[in-house]
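Let me begin by presenting the structure, written as structure tokens, before commenting on it.
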């Protein structure tokens, strides 16, 4: 019977870059047409980039969407391929909202418009704020098939009373073309896969699913476009994280085409590593930075951040700076130097020891004049610890301003949770690479990276984590073992469990209620630090970006 | 005919402080009962504080709400007064959401529960994320009157298809008891007043409106509880920003009770000043800080911040630090000293000049060793300017850690908009007091403060604004005059106008399209700085907190 050639244009748009995005769309469309595609499908809001937040309601922004869409319509006059593409359309007059829209275009005109009808408003999504939901679900007949369309959340109807796929299926639609900007987290691919299979079977429809790749601020998009037939089999899969036009010849008369199973690297260290590489590359590139800089402490976090940055940008665009201080071990710079050599990145040493001592002398002198005796006890105070971390931040920011380099911060999720980090110190920078990765995952990813090539020195993998802001300090002086801590944090942050519930869940690990309460309290108390963090690349289901907590908060438990 | 004694308990709860909030509620209830109140009404979520964001869906948090509510129910066994109070109730099983709830309690039992049915999800509100909407609007007969209840947004039905007041009115309700946590901005009181009058007349109901006072992170609540009769006349008004139990004897048979008009200070400098005083006091107190510290630059922003802080906390809890640098004018510390003396606050001088020069010498030496010639041209680079600002931030944070003081930052909305501020420098701190106030408003408020008592030296009011990070620098070297700038910013940020539309609106001021485009571009470009700002007290309709913009953003216009 029938064969249809489908082009899945898994592109990486940039928010607000209308000319760049349009060029990508027209190029992929021309390519698809040359290759004989009957239809080329682009992601949700490919015209504008996604998410655009309040920009969705600026008149000039909506006008630019219309202008780009006009160009796409014009392009289809000269070609055979039809196009499905996402953009921002104007909303009803006076509503103050716009539409998250899809257009099916062919032969120089728009054949169908679909407005997203389920507007996700939870976690990292806030679409009810910006968009007016669609209320109609039109279909069209194409190549003898009745076809419907859907925009992202319209597929995820299980928690809504409105069921877009059911409406389309009742209208006789056999194929649903779905455009998406579905962000990555380590469990997303499996959930998405299960949903597509379930929905295809439930409504007896095939689903052509196209998702964007790349990243935008905190959010990473993994692509993984696919085609699921009405039996719930994935008959085609595009790769994860890779931009491109992926073509599939769909033989509709084939009864049992071979099903392709989901890659077994889903959620694995290799996948998360790749996601972070994409996140770093896009943040740096889309914000037009040529070069980056980061502190190398000799610890595992900065080592992993450096290897991700080098893999994302090439080592020539990454500068590592070691800033030994009064309490730094010899290993801190020796191991960092070895790391930098292994990665091929530029490496510099700017010691803070003397700067710290000079500054501290000024501070102490100022206080002596006032009759105070700060620091005179020989004790290293919190103020003195933070001063060291902040002098490193100062050094990196000077470098940033002087050489136009984006500062990458190196803190992980366990540290950000516990406040084991210094505002304006190690938190100073433009992008936090590992901030959604627990410390135990940091080790996992480092070991993964070393499998192909041992770039991270063994000494860094083996040493006890330490901030080195006091003599002989290690993280475990003040924190529970990371294996335990991370499990408490996962249950508290991602599963929103109470300390009591965590205590029960971890009974076998014999964690005390006191430890759990202290951890929970530290997480709540340090909300003020995270409020001032740069964007943090999201890789877990509940990242800081999608978690909203008050700073002023006396609740304990 | 009938007289009813109403107690409007305009309280200031603290988020998560269940025992403290309960004590306030029981105290006001006992007081109301002693004074013969028939009904004592508390604000929305008075039990838990508002807003609580994701806490609303933690099991233990909902349990604490239930426990407090149980105590209130128990308290009504022994008294005559009925109570209306707001709290968080559990949602339907499996919904993952809770309810923003109201209970009418008397004689030891709950007579009516009302779940908020319109969940504001725009600007500073995100309630759809946390709550499940109510679907019923029960009424009860009380003192021979049919009465309905409403939770905040349920009054504001004009942009929703669901009309809670209409439903209640059709059920015969003559009085609506409405509980609120309606945040302050300079135009809020007028809008609220007009709405209450319009709705009372439209539905032929009297409205007993109780709102919370105090502040929570970025949001300030102004109280202004009131009673509007069915003819749309405000027959009673509680004061703004003042915590207390306000009692009104409502004579329902009185045909034309005198209407009380809204205070004419609405939106005035005095009111905004008072709002900021409340914001500072509550943030400091609720976060359990004893003392604060701030930099005094000799400029108008730090002078106004200091006077607000002294009025909020008492001058003994505010330390002003002047940190003269290489390019500081003599006035910077002399005027600051006079300001501090006038306010009665502690004042210290910690010069950064020598620290800056020493540190810069290190930086330059490091670069010389690498064969670079940074700074050798005698030009003062951006890196050097920022270094000075950051050394001041370092100094204040050292003080903060050393003495347990919260750092107040002093930047205004015009500066934050334009990025005329330094990350980790003057932006370093726990609360930004003036960040939602344009520069021209800063002057207005300073002049207002000086009316009663000339605390801000005339020299500070008169000098040209300058960051003093280069010789002879003034803001107007790089920025348009503030009168023009602020008008562009207001249209761009608050009214979401495009540069073209702003050009038209400001035709009479003869502002060039180039200037407007540059301003718009600067606002967009500096999103990354604001992302790392501390909470910023909200006083305008569109504050940074309610504005969501991407950092990565190539849209211009």
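Protein chains in written order, with this note's numbering: chain A, 43 to 599; chain B, 43 to 599. Glycine included, each C-beta is placed from N, C-alpha and C at the ideal position. Note that the structure is predicted; figures quoted are calculated from it, not measured.
Count the other C-beta atoms from every protein chain shown that fall within 10 angstroms of the C-beta of residue i, then say buried if there are 16 or more, exposed otherwise.
i	result
residue 457 of chain A	buried
residue 555 of chain A	exposed
residue 396 of chain A	exposed
residue 519 of chain B	exposed
residue 77 of chain A	exposed
residue 228 of chain B	buried
residue 193 of chain B	buried
residue 574 of chain A	buried
residue 246 of chain B	exposed
residue 279 of chain A	buried
residue 100 of chain B	buried
Report the rounded CA-to-CA distance for residue i versus residue j, giving the unit in angstroms.
i	j	result
residue 356 of chain B	residue 307 of chain B	24 Å
residue 226 of chain A	residue 317 of chain A	8 Å
residue 513 of chain A	residue 268 of chain A	55 Å
residue 482 of chain A	residue 141 of chain A	42 Å
residue 516 of chain B	residue 495 of chain B	28 Å
residue 48 of chain A	residue 176 of chain A	26 Å
residue 572 of chain A	residue 364 of chain B	29 Å
residue 443 of chain B	residue 144 of chain A	53 Å
residue 507 of chain A	residue 371 of chain A	12 Å
residue 387 of chain B	residue 460 of chain A	35 Å
residue 130 of chain A	residue 102 of chain B	41 Å
residue 599 of chain B	residue 70 of chain A	27 Å
residue 526 of chain A	residue 329 of chain A	38 Å
residue 300 of chain A	residue 275 of chain A	8 Å
residue 270 of chain B	residue 239 of chain B	7 Å
residue 579 of chain A	residue 547 of chain A	28 Å
residue 272 of chain A	residue 243 of chain A	6 Å
residue 113 of chain A	residue 477 of chain B	42 Å
residue 302 of chain B	residue 349 of chain B	32 Å
residue 493 of chain A	residue 311 of chain A	11 Å
residue 197 of chain B	residue 438 of chain A	52 Å
residue 463 of chain B	residue 564 of chain B	12 Å
Please state whether DSSP places residue i in a helix, a strand or coil.
i	result
residue 569 of chain A	helix
residue 198 of chain A	coil
residue 627 of chain A	Absent from the model: residue 627 of chain A. The displayed extent of chain A is 43 to 599, so no value can be given.
residue 344 of chain A	helix
residue 433 of chain B	helix
residue 51 of chain A	strand
residue 273 of chain A	coil
residue 355 of chain B	helix
residue 557 of chain B	helix
residue 388 of chain A	strand
Pull up the CB-CB distance for residue i and residue j, whole angstroms please, since I reckon it's below 8 Å.
i	j	result
residue 58 of chain B	residue 97 of chain B	7 Å
residue 44 of chain B	residue 295 of chain B	6 Å
residue 74 of chain A	residue 110 of chain A	That belief does not hold up - the Cβ atoms of residue 74 of chain A and residue 110 of chain A are roughly 18 Å apart, past 8 Å.
residue 557 of chain B	residue 522 of chain B	5 Å
residue 241 of chain A	residue 187 of chain A	Between residue 187 of chain A and residue 241 of chain A the Cβ distance is about 18 Å, and since that is not below 8 Å, they are no contact.
residue 425 of chain A	residue 467 of chain A	Between residue 467 of chain A and residue 425 of chain A the Cβ distance is about 12 Å, and since that is not below 8 Å, they are no contact.
Let me make sure I understand the geometry here. Which of the options has the alpha-carbon closest to that of residue i?
i	options	result
residue 182 of chain B	B:587, B:135, B:63, B:215	B:215
residue 288 of chain A	A:499, A:255, A:147	A:255
residue 504 of chain B	B:497, B:342, B:156	B:342
residue 18 of chain A	A:595, A:329, A:95, A:127	Any property of residue 18 of chain A remains undetermined from this structure, which presents chain A solely from 43 to 599.
residue 634 of chain A	A:447, A:405, A:412, A:448	Shown here, chain A extends from 43 to 599; a query on residue 634 of chain A therefore has no answer.
residue 362 of chain A	A:351, A:368, A:369	A:351
residue 354 of chain B	B:245, B:154, B:170, B:450	B:450
residue 298 of chain A	A:277, A:304, A:305, A:105	A:277
residue 453 of chain B	B:221, B:205, B:577	B:577
residue 338 of chain B	B:210, B:480, B:160, B:379	B:379
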